[in-house]
Amino acid sequence: MTARGVATFDRPAVFCVNRLGDQLMTLPAMRALCTLFPGGLQLLLGEDMRYFFYRGLPLSEPVVVRWSGKDQSGIDVARTAGDAAPCDLFVCLSHDPRSFVGPLAERLGAR
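Numbering (my numbering), first residue to last: 24 to 134.
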């Protein structure tokens, strides 16, 4: 894998499915990413997360990341990918990405 400049990405997506405190802690990172990608970001946000934290940032309407299983131990990759637009860069801001993040990123077309 070779390093690429930020300007080579046109459709970045940010995956953030943590809880309230984590959302507050990742807000500076979201602001920095929005500065790097002034054309906007696609936000994939956990089902019970609050979009109002990101008001004023160039983000698309959030895509709701759907959990799978009663214990919410994974995400429904097919359903989430079906609701999302393709991306060429996938940024994961979750503290525990687990095994489902890779398949979701690949399904969305991240390089």
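Even glycine gets a Cβ: it sits at the ideal position worked out from N, Cα and C. The structure presented is a predicted model; accordingly, all values stated were derived computationally and were not measured.
query                                                                                                                                 : result
Considering only the alpha carbon of each residue, which of V114, A128, F123 lies closest to V29?                                     : V114
Just mark L112 as buried or exposed, buried being the case when its beta carbon has 16 or more other beta carbons within 10 Å.        : buried
CB-CB under 7 Å to R134, same chain, minus the five flanking residues each way: which ones, in chain order?                           : D111
Is it buried or exposed, P85, if we count other Cβ atoms within 10 angstroms and call 16 or more buried?                              : buried
If we count Cβ pairs, one from each stretch, closer than 8 Å, do we get three or more for the segment 56-73 versus the segment 37-44? : yes
Between V37 and M48, is the Cβ-Cβ spacing less than 8 Å?                                                                              : no
Decide if P61 is buried, meaning its Cβ has at least 16 other Cβ atoms within 10 Å, or exposed.                                       : exposed
Contact check, L127 vs V100 under 8 Å by CB: the rounded distance?                                                                    : 5 Å
What does the Cβ neighbour count give for L59, buried or exposed, with the cut at 16 atoms within 10 Å?                               : exposed
From the DSSP output, which residues share a beta bridge with L35?                                                                    : The question names Leu, but residue 35 is Pro in the sequence shown. In DSSP, P35 forms a bridge with L112.
Roughly how many angstroms separate the alpha carbons of L56 and G97, rounded to a whole number?                                      : 26 Å
Inspect the beta-carbon positions of P109 and L131 and report whether they are closer than 8 Å.                                       : yes
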